Amino acid sequence: MKTSKSLYIMCHMPVFCWISATVLETMLKETKNVEVPKSLTQMNTHFLLIQTSVKNKKYNKATEKNPKKLSQSDKGMILKLGKLAFQQLQKGNLIFYEEDLTECGIDVTEASEYSALCTEMFKDKCGLYEDKVFSFVHLSIQEFLAAVYALESWLGKSENVFNESFKCDKLSDLHMSAVDKALQSKNGHLDLFLRFLLGLSLESNQNLLKGLLTRRGGQTPSIEETFKYLSDKIKMESSPERIINLFHCLNELGDNSVVEEIQTSLRSGTLSETKLQPHQCSALAFVLLMSEGVLDEFDLKTYNTSVEGRLRLLPVVKTCKKASLAGCDLTYLSCWTLASALRTPNCPLTELDLSYNDLGDRGVKLLFSPLHNIQTLILGPCGLTEGCCSYLASVLSAPNSQLKQLELRYNNLQDSGVTLLCAGLKDPNCKLQTLGLSQCGLTEGCCSYLASVLSAPNSRLKQLELRDNDLQDSGVTLLSDGLADPNCELQTLGLSGCEVTGEGCAALASALRSNPSHLRELDLSYNHPGDSAGGLLSAGKGDPTCKLMKLNVDHGAESRLVSGLRKYACQLTMDPNTANAHLLLSEENRKVTRVDKEQHYEDHPDRFQWHPQVLCREGLSGSRYYWEVMWDCGEPDIGVTYKGMSRMGWGSDSWIGQNTKSWSLNCAGEGYYYFYNAGGNITFFRGPVLHRVGVYLDWPAGTLSFYSVSFGKQKHLHTFYTTFTEPLYPGFWIYPHSSLST
-12 MKTSKSLYIM CHMPVFCWIS ATVLETMLKE TKNVEVPKSL TQMNTHFLLI QTSVKNKKYN
48 KATEKNPKKL SQSDKGMILK LGKLAFQQLQ KGNLIFYEED LTECGIDVTE ASEYSALCTE
108 MFKDKCGLYE DKVFSFVHLS IQEFLAAVYA LESWLGKSEN VFNESFKCDK LSDLHMSAVD
168 KALQSKNGHL DLFLRFLLGL SLESNQNLLK GLLTRRGGQT PSIEETFKYL SDKIKMESSP
228 ERIINLFHCL NELGDNSVVE EIQTSLRSGT LSETKLQPHQ CSALAFVLLM SEGVLDEFDL
288 KTYNTSVEGR LRLLPVVKTC KKASLAGCDL TYLSCWTLAS ALRTPNCPLT ELDLSYNDLG
348 DRGVKLLFSP LHNIQTLILG PCGLTEGCCS YLASVLSAPN SQLKQLELRY NNLQDSGVTL
408 LCAGLKDPNC KLQTLGLSQC GLTEGCCSYL ASVLSAPNSR LKQLELRDND LQDSGVTLLS
468 DGLADPNCEL QTLGLSGCEV TGEGCAALAS ALRSNPSHLR ELDLSYNHPG DSAGGLLSAG
528 KGDPTCKLMK LNVDHGAESR LVSGLRKYAC QLTMDPNTAN AHLLLSEENR KVTRVDKEQH
588 YEDHPDRFQW HPQVLCREGL SGSRYYWEVM WDCGEPDIGV TYKGMSRMGW GSDSWIGQNT
648 KSWSLNCAGE GYYYFYNAGG NITFFRGPVL HRVGVYLDWP AGTLSFYSVS FGKQKHLHTF
708 YTTFTEPLYP GFWIYPHSSL ST
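Per the numbering used here, residue -12 is the first one in the sequence shown, and the count goes up by one each step.
Structural data, given as structure tokens:
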């Protein structure tokens, strides 16, 4: 069974295990070297024949050992059951009543002989009346019999069951109608029916049912048109789940050309070098889903394709342990497909990274139900607000929740959102050990709630990251009450850039003296602790139970006591040695204007020869930096570059944002464009373009963020995330007759 993944993945259903065991046991008893079924169609065909033979031996005392030979009465009853199956499948019914059987010419007593296919479930009493309720033993049996009926209607009467008013001369016409109907289904209720119908169209499968299916005269119907139609639909269809089923259909027909092309590329290692079309991504998803074993990791960003191509690859998450979907331009609409994949029985996924995607609260709500098996969930930044926090709290407090690490950095949750989240964190069912809340718009207003989580008797929280929130001393003091509680087992606390002074440090030192046995790492960098930071270390001296091993107070200064990102403000000056000849610097090299007249600059190897660009003197590395840029008109490029970027020619090598050595934001009339690597990575954000932009560089973390700035408030536009290896120099491309200043 493992050699056929399409069969093996069905074995999570007990009824399919019974069907498979029945078929394999019978076939292996009859012939030792028999070729066992390789497809769902073959498996269900053999099951139908075997059960019919068992029925004949039981009720008709038949001695015929060959189960492939069907009597006329068998044929009549099976086709009647097929008609019933098709009609009810069309209506979306899994159960039906005696009048439904009668409508298809089925006698209830006679139907009971086929109880292995269709069985009476129970008697439904309503007043003085009693209705018998029937069902096929499993939906797959109903879908298979419906496909048998649909094919025989064409073979025997040239009828298209989807449009009975017209004669159907070609088998491909029936196939096309079935494909269209299946793709129109919102819940995929015709997917398996379609696979069976196409599989039964193969002559090898029809030979097994030669006593049931009519043999048409003339040549064997060609399925080439069906191949082409399926291939075209794979390129056009938008639903990843429907597309995967179309590949299953091609597999049933024995056409694996696109799949084999992808497999060849996988084996040769050339897949990452190829720009994959969406239909090739669907083929890749099918290959990965059908491969043996479970993938250790699936990184969506490694595949060179479009946004549509990435959407088609999403179903692969159902067959891997760790999925990285970071920065793949996913939206809340993508979460429909993702949620469907996560609901797959026995899904092995435990780590899911969705960072740097604009999912919004709606996306998280769609994922709410299937998240219970996830152990690590990264959702920052994803455009989340307090609106999703009650749902996340429900995930944390669910009895079957396995979530141990939750990363929510760079989302505007605010105090109200974290307060809602704390309700789940305090629940006895919560298993969370690591929580990331960096730059979430928090203040002292949520600190008492976080303290109550730390002091909860059942709390398992070991790491709490709160950097870049305006907690101030008052918030840290409240938080220290939780740290001091004997129930608190927190080992790592991040308070970098939280506007902490000596007062907050004193509260932390007091908490350490009260509960010294757990906290090992404390990050107070980018604050202003003054000399009092030493008290934190001395608090544990002489106490052998104190575990504090690492205290970070780097980059401390009074300037850090500023709200928001402006605590990282840096002064920039433009470098005249880099300025293009048509750029005029002024205001102590903090303003640049593009002019028609060439300026008389000395020759210098750092000067941009053609592009109207200038870099700043300051090379930024090893720390956090924030600066703002203003301009009067036009569409400037604002970015950063390594010093080694070319300065010669009109090509992309010397244009900020168009090569692998620089990143940029273009402020266009209709919105913002973000460039990296010669246009290979372009993102567009539509919206009103304000004439002031904030840039935040966290060099150690590898993030470069852009914000629109209005009346002192920042709105996040985009973040590049990578690993920086050299100092970065802020730079600008200037629009004709416009000015820009820092």
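Beta carbons are placed, not taken as given, at the ideal position from N, Cα and C, and that holds for glycine. As the structure is a prediction and not an experimental result, all values here were calculated from the model.
Asked	Found
Among Ala566, Leu179, Glu212, Ala443, the one whose alpha carbon lies nearest that of Asp160	Glu212
Residue of Thr306, Phe153, Tyr660, Tyr629 minimising C-alpha distance to Asn785	Outside the displayed range of the chain (-12 to 729) lies residue 785, so it cannot be described from this structure.
Which of helix, strand or coil DSSP assigns to Leu(-6)	helix
Own chain, CB closer than 7 Å to Arg349, minus 5 neighbours either side, in chain order	Tyr319
DSSP-derived helix/strand/coil call for Asp518	helix
For Cys654, the first and last residue of its enclosing beta strand (DSSP E)	649 to 654
Residue from Gln459, Cys417, Gly481 whose Cα sits closest to the Cα of Arg396	Gly481
Contact between the stretch 360 to 379 and the stretch 392 to 411 (3+ Cβ pairs under 8 Å)	yes
Cβ-based burial, Leu15 [other Cβ within 10 Å; buried from 16]	exposed
Backbone secondary structure at Gly626 - three-state DSSP	strand
Per DSSP, cross-strand counterpart(s) of Asn194	Its beta-bridge partners do not exist; DSSP assigns none.
Bridge partners - Asn539, DSSP secondary structure assignment	Asp510
Simplified DSSP state of His569, which is helix, strand or coil	coil
Cβ contact (3+ pairs, closer than 8 Å) linking the stretch 166 to 175 and the stretch 122 to 140	no
Inside the stretch 216 to 250 only - alpha helix (DSSP H) runs reaching at least 4 residues	227 to 240
Beta strand (DSSP E) runs wholly inside the stretch 281 to 324, at least 3 long, in chain order	282 to 286, 307 to 311
Local conformation of Asp642 per DSSP, three classes	Reading off the sequence, residue 642 comes out as Trp, not Asp. Reduced to three states, the DSSP call for Trp642 is coil.
Buried versus exposed, by CB contacts within 10 Å (16 or more), Cys4	exposed
Counted within 10 angstroms of its Cβ, other Cβ atoms place Ile82 as buried (16 or more) or exposed	exposed
Chain C within 8 Å of Phe214, Cβ atoms only	No chain C appears in the structure shown, which is made up of a single protein chain.
Nearest-angstrom Cα separation, counted from Lys70 out to Glu85	14 Å
The stretch 87 to 101 touching the stretch 218 to 231, judged by at least three CB pairs closer than 8 Å	no
Own chain partners of Lys702 with C-beta closer than 7 Å, once the 5 adjacent residues on each side are dropped	Tyr694, Ser695
Integer-rounded CB distance, given that Ile37 should sit under 8 Å from Thr9	6 Å
Met14 - DSSP class collapsed to helix/strand/coil	helix
Integer-rounded CB distance, given that Asp619 should sit under 8 Å from Ser726	5 Å
DSSP state of Leu71 mapped onto helix, strand, coil	helix
Nonlocal neighbours in the same chain, by C-beta distance under 7 Å from Pro563, ignoring five residues either side	Leu572, Asn576, Tyr588
Three-way DSSP call (helix, strand, coil) for Thr430 in this model	coil
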